[in-house]
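One structure is given below, encoded as structure tokens.
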Amino acid sequence: MEKILKKASLQEWVAKLDSHDVYMPAFVDDNWNYVVIDDAKAAGLDFAKTIHSPKNIVFPQREVMFTFEQEKGGAPVIAQTIPDPRPFVVFGVRSCDAKGLTLTDIVFSKEYEDPYYWARRNKGVFVGLSCNEPPDRTCFCVSTGGSPHGEDGLDIQMTELADSYYVKSFTDKGKRIVELGGSLFSAAAAKDKNELEKVHAASMTHQQRPINNLAGAPAKLKDMFTAPFWDEKSKACIQCGICTFLCPTCHCFDMNDEVSSSAPLKGERVRTWDTCQFPDFTMHSSGHNPRPDNASRLRQRVCHKFQYFFENHGVHQCTGCGRCVAKCPVGIDIVAAVNGANDYAE
């Protein structure tokens, strides 16, 4: 289904989606981020790159897995807490972040289907916004095999034209959301399709930072496991973890029991994000740590994105969003790391 929506009609469309929670990019606390809007008049798609990807909506930073309670001498009572959110629509999803959702889908379904993740994921409709120009100088989606107007992971894709949006819907969920807009949409004409093709072609000409020999990166990284290269690249790391917490595909987590009462015993089992960049991520109870230094931890992050995930699933795990490059406080750059590895000779 291919339609045209006038820019002036966006808020009217959003107003018709009252059966769903609607997430829109909003400028909050000095950053663009996705928030649920209560008023369609707040809807707009004139924004820079969001600080977080929509991954946070389906895989929150903290969630309760189950509650437990036990009276003294009694049997424990455990209640699972599978989420049951309202259906929701996320507008303004960039192609790199939508592709990231498809990679996170693999993690939470290939060997074990995570019911907490999918309870949210299946309720969502993801509406993309093509990048006619790179939102940020650190973007490199094309270098990872992506596209500024990629469709993977989207239910709907919107592309900005002169005074309208070209709207494509790919899934049944997406088509239903467009249908709720009714007469606000018109059929796409040949001139609209021609304009779309020109805009998409132009978006591919914007210069992005290249990754040298992406296809050869897995083998090269495998050969460099013990190279001193990692010591040099990781010297500045302060182990803050921001590179992984802002990443649209990082998915590591920890589990903890949080006790609220001891008599009777009450508490929750909680899942929270974790990161391979923290020293205690791989710490054993014996005191041994197989990744005891910055070098081994940076190697893990780079190799997971460009070697391990590719070996296991046939696709690189980095989507080129550039957040880790933009926000690292000490300037560690994953593009420079991969290119340096490809060019490295002992």
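Under the working numbering, think of the first position of the sequence shown as 528, with each following residue one higher. Here a beta-carbon is modelled for each residue, glycine too, at the ideal position from N, C-alpha and C.
message: Whole angstroms are fine: how far does the CA of R798 sit from the CA of E598?
response: Residue numbering aside, residue 598 sits at position 71 when the sequence shown is read from its first letter. Residue numbering aside, residue 798 sits at position 271 when the sequence shown is read from its first letter. Going by the C-alpha atoms only, they are around 25 Å apart.
Taking DSSP's pairing of strands, which residues face V616 in a bridge?
As a working note, residue 616 is residue 89 in the sequence shown. In the DSSP output, where bridge partners are listed per residue, V616 has V549, V652.
Taking its Cβ as the centre, do 16 or more other Cβ atoms sit within 10 Å of P552, making it buried, or is it exposed? Position 25 of the sequence shown, counted from the first residue, corresponds to residue 552. Classification for P552: buried.
Is R796 helix, strand or coil when you go by DSSP?
Walking along the sequence shown from the start, residue 796 turns up at place 269. Three-state DSSP puts R796 in a strand.
Note to self: Excluding the 5 residues flanking F772 on each side, which residues of the same chain have their C-beta closer than 7 Å to its C-beta?
What the structure shows: The sequence position of residue 772 within the sequence shown is 245, counting from 1. W800, T802.
Compute the Euclidean distance between the alpha carbons of K695 and Q684, then round it to the nearest angstrom.
The residue given as residue 695 occupies position 168 in the sequence shown. The residue given as residue 684 occupies position 157 in the sequence shown. Spanning the two alpha carbons is a distance of roughly 5 Å.
**Q.** Cβ shell of T809 (< 6 Å), same chain only, five flanking positions each side left out
**A.** Numbered from its first residue, the sequence shown carries residue 809 at position 282. Result list for T809: N816, P817, R818, in chain order.
Item checked: Completely contained beta strand (DSSP E) runs for the region 707 to 749, where each covers 3 or more residues -> 712 to 714
Just list the residues that DSSP pairs V694 with in beta bridges. Reading the sequence shown from its first residue, position 167 is the one you call residue 694. For V694, which the question treats as bridged, DSSP gives the partners K530, M685.
Cβ neighbours of N659 in the same chain (closer than 8 Å, five flanking residues each side left out): Start at 1 with the first residue of the sequence shown, and residue 659 comes out as number 132. Here the set comprises P675, T686, E687, V726, A729, S730.
* Asked: Among residues of its own chain, excluding the 5 on either side of A715, which ones have a beta-carbon nearer than 7 Å to its beta-carbon?
  -> Against the sequence shown, residue 715 aligns to sequence position 188. The answer, listed in chain order, is E529, K530, I531, Y693.
Given E838, which residues of its chain have a CB within under 8 Å of its CB, disregarding the five upstream and five downstream residues? In the sequence shown, the residue the question calls residue 838 occupies position 311. Contacts found: P745.
**OP:** Pick out whichever of Q844, K720, S813, Y835 has its Cα sitting closest to the Cα of C777.
**Re:** Locating residue 777 in the sequence shown gives position 250, counting from the first residue. Per the Cα distances, Q844.
Are the C-beta of E660 and some C-beta of chain D separated by less than 8 Å? Of the chains in the structure shown, none is chain D; there is only one protein chain.
Taking its Cβ as the centre, do 16 or more other Cβ atoms sit within 10 Å of A602, making it buried, or is it exposed? What you label residue 602 is simply residue 75 of the sequence shown in a count that begins at 1. A602 should be labelled exposed.
Subject >> Reference I584, options D807, T846, K650, closest by Cα >> reply: Here residue 584 refers to the residue found at position 57 of the sequence shown. Checked all of D807, T846, K650; the closest Cα to I584 is K650.
Note to self: Suppose the cutoff is 6 Å on Cβ atoms and the five residues either side in sequence are ignored; what does the same chain contact list for F836 look like?
What the structure shows: The sequence position of residue 836 within the sequence shown is 309, counting from 1. The residues are Q844.
task = Closer than 6 Å by C-beta to P662: which residues in its own chain qualify, once you throw out the five before and the five after it? Chain order, please.
result = For the purposes of this step, residue 662 is taken as the residue at position 135 of the sequence shown. A575, K576.
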